[in-house]
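Input: a single structure, listed below in structure tokens.
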Amino acid sequence: MNFVLLFLITIFSLSLFFYGRSKTKSISIEKNIRLNALPKFYGYYLVLWCSIPALVFLLVWSLFEPVIIKSIIIETAANQGAIFGDKNEANLIYEKIKAIHLGTYFGDMDSILRESALAYAKFINLFTNSKVVLIFGIIIASVIYSLKKIKNNNKARDDVEVILKGLLFVSSLIAILTTLGIIFSLLFESIKFFSVINIFDYLFGTNWSPQRAFVRDASSITAAEFEELKDAFGFIPLIAGTSFIAFIAMLVAVPIGLFSGIYMAEYASIKVRRISKPIIEILAGIPTVVYGFFAALTVGPFFRQVGENLGLTVSSESALAAGLIMGIMIIPYVSSLSDDVINSVPQSLRDGSYAVGATKSETIKQVVIPAALPGIIGSVLLAVSRAIGETMIVVMAAGLAANLTINPLESTTTITTQIVMILVGDQEFDSPKTQSAFALGLTLFIATLILNYIAQRAVKKYREKYD
Amino acid sequence: MTKEERLKKRHRAEKRFRFYGLTSIFVALLFVVILVQNIFSKGSSAFKKTVITTEVFFDQELLEIQNGASQEEIMEADFYDIMIENLIKAYPAKDRDEEDELLKLFSGDAEIEIKKAFLNDNNLIGKTITLDLTASDDIDQLHKGNYPRDLPEERRRISDFQLVIYDYFVENKKISKNFNNYFFNNGDSRDPELAGIGGALVGSFYSILICLLLAFPVAVLASIYLEEFAPKNKITDFIEININNLAAVPSIVYGLLALQILLATIQLPRSTPLVAGITLALMTLPRIIIPCRASLKAVPPSIREGALAVGASKFQSVFHHVVPLALPGTLSGTIIGLAQALGETAPLILIGMVAFVVDIPSSPVDPSSSLPVQVYLWSESAERGFVEKTSATIMMLLSFLIVMNFIAVYLRQKFEKRWN
């Protein structure tokens, strides 16, 4: 149906374009007046008026139609005597009703389902019909309005540009909408989670075992279950594991990245730079799932083997393997940014240092790096925020059990691993376990936001200093 | 310490420092080589599959169809007995147990392969043909040399008797390696020898196509607005801060967004390229806007002023002059953004693309997998045969990324104007 409507809107718009162009031409000849814009702009004007209101309406309608129909149908089913314990059962019945309507349902049929399916068909029909009627109403109204305008010889080019400028503005608003969407979707579930689990139990608890939260519905929790849940969602082991793996990663990435950055900015000839820089940046372009595969199947077992030979017990999902590979992934983030930052240190500082007899490395260590320090710190912070938000490497190579440990040979888990583990496969909405993933997501979002904010401020301040 | 000694020491320090820098670059480059070499050495064998050359006799008594049977009749006919009768003749087995072990050397699709041969030529009844039947995963891995045969029997998946049959096959040149058409044409499967990336390729293609259709126009329009039209005010600043932050938000957060808004609220179908494409578009949008703005900014003001001077409106100067000049940079930024989206895994796992999907999706609203998710799924499987399949999938993924990046670099170098 929507495709037919889109097709019709396109056809109408196109024909209005040609109509508007020839109509204004003939008006100008007939009445011998000078048009306020080229004839084609009158065509564009009609096209915009015909299509945009209708398309916006269609989009909004399509977004809300399924939600509204669903709530109406569940309501009617309930009125007819259907009983559902919770949201999941209601969803199940709704899916059944839909399947009956589409003729793909082969299970048991009772009178409630049959009646509801008829009601569903009725509502679908009603909604589709009113959608078509409303769209045509909108098109007719806006076309009449715009035709009147062009007959009065409006300044079509200016009007078209105002509309287009609005369109450009709306496109740039999508970034804000995405941010709002992220914040709302995270907050919405997190608030439900924190209404069951005390936020301090979450932030300072030292035990993470969400699989204990087998209760399906948060609203029907008993006191005994609550006691059980109280200390199942402790955040400390996760943040410890995440920071630990990120720390190992930074131990690898910062020295290698920083030294490569320095070498490329200060020593390398143009030729070396032109070849080595893109090759190092390949490391940032490789999908993280590839690193995860490499860490889990090659590096992890290799470390365990080496450990066995040395008489150590190394977990095959050790924090060391995950951290090392993550560090290698992050090298280019550190090296490229610090390369840029060092390059923008003014040459006069270096020349001054050489003039008093310092060697190149002394100049770098004592003049260039201190001058570039805020920028370098900013780039390291950006790398840290990459490390704690990185998912696939830790999902594949780090452990699942939340151990509080500082032994790099043991397995630890991270925030992102837990989000994936909780949400992969079938989830029950409204269970504290599922909601906890959103609480973790919110924590992660806030943490990376703060890190990025500080990093960007640092880099910006530094840039302004030497501009 | 004399002056000379001090100078020597300082020069040694200089050399050391230089050496550290060179070593770091070398270590980073070395890692690229190790990674690529590791993946290639594991994955390249997956492009071939082991086949066992078998003589198949189409016995009229075992088939309930005649020569010249129609397509539907053949599709419905039972080829199981024909398969069993012919496969057990591949090696002179003594009893039922030995025959069972022999049958296990063939893939689960042997019956279908025989049926396909009959579909190609429906006059085969009473005739004998030689067919290359796909071998089971264990034989496949053994033949490719990925499976150690010197393990004790109880730790091996292949019995001693099966090894005897295998050696007999090798001796009689009945076993060989063919191009692995299943790897490219099939969907996912529990059997490594039948599993393919066909479904994942189509799923990735649809997802990236939807991502491109949504993200590219919005990103270009938004960057044109911010770069050319936006007044310097609080709203514009706020939009800019938002874009910069969104570009740094971990991708898994976009998965949570999609789960809550696209799946739970708007109720789009789970596990589909449609949802994947929208999620990736939201994620890629800020990453495309940033290079788009940079390439618009690189167009010198003289171009705009020239257009305005001959009477163009602001819009005409932007859309007729600035945008075409910025297009190469814009396109290359978009392609790099899409390449990142192609390799993205975490948000797709959250929207349910980890479901086991055998069928190749025929539209963006069919459940499907995607290349990186397929890598994740197979890497979790225990069978040895999936290791080479996973590595080969990574090879495909990496080659797509390399091609996309080369196109991006080419566009930039070939068409981008340098202004100074």
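Protein chains in written order, with my numbering: chain A, 95 to 561; chain L, 5 to 424. Built from N, CA and C at the ideal position, the CB exists for glycine as well.
Notebook entry, point to check: Looking only at its own chain, which residues have a Cβ that is under 6 Å from the Cβ of A/ASN301, when we skip the five neighbours before and after it?
Noted result: ASP325 and GLY328
Margin query: Restricting to Cα atoms, I'd like to know which of A/TYR199, A/THR170 and A/GLU255 is closest to A/PHE217.
Written below: A/THR170
Next item on the list: For my contact list, A/GLY421 and A/ALA334 are in at a C-beta cut-off of 8 Å; report their separation, rounded to the angstrom.
Entry: Between A/ALA334 and A/GLY421 the Cβ distance is about 18 Å, and since that is not below 8 Å, they are no contact.
Item checked: Cβ neighbour criterion (16 or more within 10 Å) applied to A/TYR385 -> buried
Margin query: Please classify A/MET203 as buried or exposed, where buried requires at least 16 neighbouring CB atoms within 10 angstroms.
Written below: exposed
Margin query: Using only the alpha-carbon positions, how far apart do A/SER303 and A/LYS286 sit?
Written below: 19 Å
Check: Who are the Cβ neighbours of A/PHE151 in its own chain at under 8 Å, not counting the five residues just before and after it?
Finding: LEU228, ILE229 and ILE232
Check: What residues in its chain sit with their C-beta under 6 Å from that of L/ARG425, if we drop five residues either side in the sequence?
Finding: What the structure shows of chain L is the stretch from 5 to 424, and residue 425 of chain L is not part of that stretch, so it cannot be assessed.
Next item on the list: Anything in chain A within Cβ reach of L/PHE189, meaning under 7 Å, just list it in chain order.
Entry: In the sequence as displayed, the identity of residue 189 of chain L is Asn instead of Phe. Result: empty, since nearest Cβ-Cβ is about 23 Å, beyond 7 Å.
Check: So, L/ALA343 versus L/PHE390, is the Cβ gap smaller than 9 Å?
Finding: no
Check: Which residues does DSSP pair with A/GLN412 in a beta bridge?
Finding: Residue identity check: residue 412 of chain A is Ser in the sequence provided, not Gln. According to DSSP, which records beta bridges pairwise, A/SER412 is partnered with nothing at all.
Next item on the list: With 9 Å as the C-beta to C-beta threshold (strictly closer), list the residues of the region 334 to 356 of chain A near chain L in chain order.
Entry: PRO349, ILE350, GLY351, LEU352, PHE353, SER354, GLY355 and ILE356
Check: Using a Cβ cut-off of 9 Å, which residues of the region 377 to 399 of chain A contact any Cβ in chain L, in chain order?
Finding: LEU377, GLY379, ILE380, PRO381, THR382, VAL383, VAL384, TYR385, GLY386, PHE387, PHE388, ALA390, LEU391 and THR392
Checklist line | Spatial distance of L/ILE86 from L/ALA97 (CA atoms) | finding: 17 Å
Item checked: Proximal chain L residues relative to A/VAL58, where beta-carbon distance stays under 7 Å -> Residue 58 of chain A falls outside the range modelled here, since chain A spans only 95 to 561, and no answer is possible.
Check: Does DSSP put L/LEU137 in a helix, a strand or coil?
Finding: strand
Note to self: For a contact defined as C-beta to C-beta under 9 Å, what are the partners of A/ARG251 on chain L?
What the structure shows: SER317, PHE319 and GLN320
Check: Candidates L/SER227, L/ALA219 and L/PRO156: which alpha carbon is nearest A/SER266's?
Finding: L/SER227
Next item on the list: Quick one: measure Cβ to Cβ for A/VAL490 and A/ALA415, integer angstroms, because I've assumed they're closer than 8 Å.
Entry: According to the sequence as given, residue 490 of chain A is Met; it is not Val. Not really, about 10 Å apart at Cβ, beyond 8 Å.
Notebook entry, point to check: Should the region 110 to 124 of chain A be called in touch with the region 158 to 170 of chain A, which here means at least 3 C-beta pairs below 8 Å?
Noted result: no
Item checked: L/ASP195 vs L/GLY259 beta-carbon contact at 9 Å -> no
Next item on the list: May I ask you to list, following chain order, the residues of the region 232 to 255 of chain L that have a beta carbon less than 8 Å from some beta carbon of chain A?
Entry: PHE233, ALA234, PHE242, ILE243, ASN246, ILE247, ASN248, ASN249, LEU250, ALA252, VAL253, PRO254 and SER255
Check: What residue range is occupied by the uninterrupted beta strand (DSSP E) comprising L/ILE179?
Finding: 179 to 183
Check: Does the distance from the CB of A/LEU517 to the CB of A/THR507 come in under 9 Å?
Finding: no
Next item on the list: Evaluate L/ASN185 with the Cβ neighbour count: other Cβ atoms within 10 Å of its Cβ, from every protein chain shown; 16 or more gives buried, anything less gives exposed.
Entry: exposed
Item checked: Residues near L/ILE162 by beta carbon distance below 8 Å, same chain, minus five either side -> ASP142, ILE143, LEU146, TYR151, ARG153 and TYR170
Checklist line | Residues within the region 254 to 268 of chain A neighbouring chain L, beta-carbon criterion of under 9 Å | finding: VAL254, GLU255, LEU258, LYS259, LEU261, LEU262, PHE263, VAL264, SER265, SER266, LEU267 and ILE268
Item checked: Proximity test, L/VAL369 beta-carbon vs the ligand COA heavy atom, cut-off 8 Å -> The ligand COA is absent from the structure shown, which contains no ligands of any kind.
Check: Going along the chain, which residues of its own chain have a beta-carbon closer than 7 Å to the beta-carbon of A/SER530, five neighbours each way excluded?
Finding: PHE287, PRO304, PHE327 and ILE516
Note to self: DSSP three-state label for L/VAL253, please.
What the structure shows: coil
Notebook entry, point to check: Just how far apart, CA to CA, sit L/ARG20 and L/ILE29?
Noted result: 14 Å
Notebook entry, point to check: Counting only runs that start and end within the region 368 to 420 of chain L, where is the alpha helix (DSSP H) found for 4 or more residues in a row?
Noted result: 375 to 383 and 389 to 419
Margin query: Using CA atoms only, rank isn't needed, just tell me which of A/LEU261, A/ALA449, A/GLY446 and A/ALA413 is closest to A/PRO502.
Written below: A/ALA413
Note to self: Using a 10 Å radius around the Cβ and a threshold of 16 neighbouring Cβ atoms, would you call A/MET486 buried or exposed?
What the structure shows: buried
Next item on the list: Can you check the region 480 to 520 of chain A for any beta strand (DSSP E) of at least 3 residues that lies completely inside it and give the ranges in chain order?
Entry: none
Next item on the list: Quickly, what does DSSP pair L/THR58 with across the bridge? List them, please.
Entry: L/LEU135
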